[in-house]
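Numbering (full-length UniProt numbering), first residue to last: 1 to 247.
Cβ coordinates follow ideal geometry from the N, Cα and C atoms, glycine included.
All values derive from a computational prediction rather than experimental measurement.
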Ligand SMILES: C[S@@+](CC[C@H](N)C(=O)[O-])C[C@H]1O[C@@H](n2cnc3c(N)ncnc32)[C@H](O)[C@@H]1O
């Protein structure tokens with residue numbers, strides 16, 4: 001049976017790749033690198049840089065494949081299901097094309113495969129593969145480390161959610177700490193900022209890293225404007241934030 005190694009590579013810093021990740025990469029016969037189109041080229045390029053820095057002297061083939069585009073026109077769940085089917089097929093086709101005899105195939109997963117990432121769900125569509133996960137540093141860990149803050153208060157729970165959930169449903173019940181990912185629209189603007197602190201970070205781990213923290217009421221406008229400028233300068237942005245309210 002063929003192994004599929006899902007290797008968490010952290011959030012854009014070569015030094016986030018763990019020794020276990022390096023060993024897994026070096027043990028692979030083939031590493032698949034998704035191409036998302038020119039606007040996201042940095043991420044494919046970063047995967048190539050990581051490969052270059054850890055694979056010297058190893059006989060590991062690299063193969064790019066075009067990541068299928070999700071059809072956003074109809075029902076969301078059906079669109080995601082069809083998209084995952086298409087990605088599973090793209091993985092299979094790339095393996096058949098580039099290394100049909102490969103025993104160990106690897107994918108370099110942004111952050112960690114367990115957090116807002118679908119590679120495990122996609123891999124489950126390919127029953128002939130035995131999945132191995134090598135954990136990576138998540139964007140949430142990179143955020144809390146960059147600000148040197150704990151994610152939770154003593155003995156207290158926290159929630160990790162998306163910008164869409166925060167915008168549509170408001171502050172989640174039962175918690176005073178909320179981490180927000182996948183937020184293209186700065187959903188924190190929809191909250192009453194009174195009594196809320198924010199710790200925001202973009203491009204965490206990368207040379208372009210940006211950090212802003214403080215009372216939401218005071219920092220909201222600065223985050224909006226710095227974020228918009230950075231996005232237009234680089235052509236893309238990835239950001240995450242932690243909100244904590246006084247209980
Ligand atoms: C599809 S999710 C992938 C999360 C990833 N699996 C992880 O473990 O962090 C992408 C989201 O992660 C966050 N993210 C990933 N990399 C980041 C970075 N370098 N800086 C800030 N946020 C990042 C952003 O919220 C982005 O919208």
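My output table needs one value for residue i: the three-state DSSP class, helix, strand or coil.
i           : result
residue 146 : helix
residue 116 : coil
residue 76  : helix
residue 233 : helix
residue 224 : helix
residue 3   : strand
residue 64  : strand
residue 163 : helix
residue 93  : helix
residue 55  : coil
Taking the straight line between their C-alpha atoms, what separation do you get for residue i and residue j?
i           : j           : result
residue 73  : residue 142 : 34 angstroms
residue 82  : residue 70  : 8 angstroms
residue 43  : residue 238 : 11 angstroms
residue 91  : residue 10  : 21 angstroms
residue 185 : residue 163 : 7 angstroms
residue 116 : residue 229 : 26 angstroms
residue 65  : residue 46  : 15 angstroms
residue 175 : residue 148 : 21 angstroms
residue 169 : residue 178 : 13 angstroms
residue 30  : residue 172 : 42 angstroms
residue 146 : residue 76  : 34 angstroms
residue 51  : residue 28  : 11 angstroms
residue 2   : residue 190 : 48 angstroms
Among the options, which residue has its Cα nearest to the Cα of residue i?
i           : options              : result
residue 144 : 241, 133 and 196     : 241
residue 126 : 175, 88, 229 and 184 : 88
residue 200 : 194, 4 and 215       : 215
residue 24  : 136, 80, 177 and 234 : 136
residue 231 : 197, 60 and 209      : 209
residue 63  : 53, 236 and 35       : 35
Would you say the beta carbon of residue i is closer than 7 angstroms to some non-hydrogen atom of ligand 1?
i           : result
residue 25  : no
residue 112 : yes
residue 67  : no
residue 76  : no
residue 11  : yes
residue 96  : no
Is it the case that the CB of residue i approaches a heavy atom of ligand 3 more closely than 7 angstroms?
i          : result
residue 21 : Among the ligands present in this structure, namely ligand 1, ligand 3 is not found.
*Whole alpha helix (DSSP H) elements within the segment 189-221, 4-residue minimum*: Segments of the alpha helix (DSSP H) lying fully in the segment 189-221: there are none.
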